[in-house]
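> Which chain is which? The protein sequence lines are A and B, in order. If you read the first sequence in this note's numbering, its first letter stands for residue 1, the second for the next number, and so on. If you read the second sequence in this note's numbering, its first letter stands for residue 256, the second for the next number, and so on. Ideal Cβ placement from N, Cα and C applies to all residues, glycine included. Sending over a structure as structure tokens; questions will come in a sec.
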Amino acid sequence: MSNTSPAPAPGPSPAPAPSLYIYAITGSDHPLRLEGLRAVGGVSGALRAVTGGPLACVVSPAPPELRPKRRDLAAHQEVQERLMADGAVLPMRFGMLAPDDAAVVAALDGRRTEYVGRLEELHATAEFNLKAARSQDDLLREVLTESDDARRLNERTRDGGGTYADRVALGELVARQLDVRRGLLADQVVGRLAEMARGKVVASPAGEDFLNASFLVERGRAEEFSRAARQLAQGYGEGYDFRLRGPLPPYSFVA
Amino acid sequence: MTQTGGLPATASTGSGTGSLFDILELILDRGLVIDVFIRVSLVGIEILKIDIRIVIASVDTYLRFAEACNRLDLESGRKAPDKLSDIVGNIVEGGARGKTEGAISGALGAISDVFDRDDDEDK
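This is the structure in structure tokens:
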């Protein structure tokens, strides 16, 4: 092998270029049906497993230029979904690279107990992510209907009336109320669904959403969970927009 | 209520655009990170991390909210004429989001760019 190894460079030698893209960790007894899956970077048939003791790591050759393109994000996700269909999986975040097989095996060995334990805990579970938004018009209407102060200030400032301070006061009051109401809505929804889940992670909602929460749900209860979410959404009715995604790989429950 | 899920029968392309967009942060920001591996710094990820929540903190924003309230027709409830929602919609768009709008459109725009770039070659 010595004839293929480059001579060590004088001074600090550059790290070897990473050659593997890393998808997920599974148990080495996982069926690992990888055929037909696209790899990140677009090559098909390029996925394989690197096994180390009771663990396996799914990898493919690292694409030369890695960027979060739709195709590659979808490929990453599809690999996770396939693996998840057959057993427990620890999904990696998009964009993890390793230098070579030896580094992967070393990484698996380094935290073997931890990874094995986590795989057991996540056995037969899936993540469901729920995002929800409420029409801002409706929220404003609600604030004005229910708050005497807000209504009074609104009447005073209509048609150019009231002072500058009145207008700022109205806006501030309304803004605070929107925050409170969105927070309450989020707590309500999470409270109703959390009892059906084994874990939950509540993240900051973006844009118009008042809720961005992930639930760890036992596979046996997945139907029940999404039915409950659907019913809950129907109960809130018009003016609300609920988006439930799942079953997903347990991205939020592996860290 | 919309739901998608990809297991097991429809796993192949369970991730439509809308669905993929909704779980983007999970794929990019959560998931296992092993510190001995290399976390590639990817164009598009940092801007995604910008907090795009509506920041309600400036007098300007308060004034826009007040204006939005002033224009609401409380009598007609949520079945208000379309014209009204248009007006309020515009105000909200330009006002309540004013402070973060640049960041929002910037982030979304950039991600769409990244998303769209390889569509043609894809399928």
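DSSP puts I289/B in a beta bridge; with which residues?
Note: I289/B sits in no beta bridge, so no partner.
> Does the beta-carbon distance from V116/A to L178/A come in below 8 Å?
no
> On a Cα-Cα basis, can you pick out the residue from L329/B, D290/B and T257/B that is closest to A98/A?
D290/B
> Measure from the alpha carbon of V174/A to the alpha carbon of each residue in R285/B, L281/B, D328/B and L318/B, then state which is nearest.
L318/B
> What are the uninterrupted segments assigned as beta strand (DSSP E) that are 3 or more residues long and contained completely in the segment 34 to 93 of chain A, given in chain order?
48 to 52 and 55 to 61
> Are the beta-carbon atoms of V79/A and V104/A separated by less than 8 Å?
no
> Give the secondary structure of I278/B by DSSP, where H, G and I count as helix, E and B as strand, and everything else as coil.
coil
> For a contact meaning CB atoms closer than 7 Å, what does E172/A contact in chain B?
Y317
> If you draw a straight line from the C-alpha of D241/A to the C-alpha of V254/A, how long is it?
Going from the Cα of D241/A to the Cα of V254/A covers about 28 Å.
> What residue range does the beta strand (DSSP E) around Y21/A cover?
L20 to G27
> Taking the alpha carbon of S214/A as the reference point, which residue from G220/A, G207/A and G199/A has its own alpha carbon closest?
G199/A
> Mark Q277/A as exposed unless 16 or more other C-beta atoms lie within 10 angstroms of its C-beta, in which case mark it buried.
No statement about residue 277/A is possible, as the shown extent of chain A runs from 1 to 255 and does not include it.
> According to the neighbour-count rule (16 or more other Cβ atoms, all chains shown, within 10 Å of its Cβ), is R243/A buried or exposed?
buried
> Verify whether the separation of the beta carbon atoms of A62/A and S19/A is less than 8 Å.
yes
> For V168/A, return the contacting residues in chain B, with the cut-off set at a CB-CB distance below 8 Å.
V314, Y317, L318 and A321
> Is R38/A buried or exposed, if buried means 16 or more other CB atoms sit within 10 Å of its CB?
buried
> Between H123/A and chain E, is the shortest Cβ-Cβ distance under 8 Å, so that the two count as touching?
This model lacks chain E altogether; the protein chains it does include are A and B.
> To the nearest angstrom, how far is the alpha carbon of L184/A from that of V190/A?
10 Å
> Expressed to the nearest angstrom, what Euclidean distance is found between the alpha-carbon atoms of A102/A and R111/A?
Each residue's CA atom was taken as its position, placing A102/A and R111/A some 15 Å apart.
> Please work out which residues of its chain come closer than 6 Å, Cβ to Cβ, to P31/A, disregarding the five sequence neighbours upstream and downstream, and give them in chain order.
D86
> Does DSSP classify G239/A as helix, strand or coil?
coil
> Which partner residues of D209/A appear in the DSSP bridge assignment?
A133/A
> If you draw a straight line from the C-alpha of F320/B to the C-alpha of G246/A, how long is it?
36 Å
> With 16 other CB atoms within 10 Å as the buried threshold, where does T316/B fall?
When all chains shown are included, T316/B counts as buried.
> Going by beta-carbon coordinates alone, are D166/A and R151/A separated by less than 8 Å?
no
> Going along chain B, which residues have a C-beta under 9 Å from Q234/A?
M256
> Does any residue of chain B bring its CB to less than 8 Å from the CB of F94/A?
yes
> Can you pull the chain B neighbours of F242/A, defined as C-beta to C-beta under 8 Å?
Near F242/A (Cβ distances below 8 Å), the residues of chain B are M256 and T257.
> Where does T257/B sit, in a helix, a strand or coil, going by DSSP?
strand
> So that I know if they touch, is there some Cβ in chain B lying closer than 8 Å to that of S28/A?
No, because no Cβ of chain B sits closer than 8 Å to the Cβ of S28/A.
> Using the beta-carbon count (16 or more within 10 Å), is S252/A buried or exposed?
Looking at its Cβ environment, which holds 16 or more other Cβ atoms inside 10 Å, S252/A is buried.
> Closer than 7 Å by C-beta to N154/A: which residues in its own chain qualify, once you throw out the five before and the five after it? Chain order, please.
L144 and L170
> Could you confirm whether any beta carbon from chain B is found closer than 8 Å to the beta carbon of R245/A?
yes
> What ranges does the beta strand (DSSP E) occupy inside the segment 151 to 213 of chain A, keeping only unbroken runs of at least 3 residues that lie completely in it?
199 to 202
> Give a yes or no on whether 8 Å exceeds the smallest Cβ distance from A88/A to chain B.
no
> Starting from the C-beta of V201/A, find all residues in its chain whose C-beta is less than 6 Å away, skip the five residues before and the five after it, and write them out in chain order.
S214 and S252
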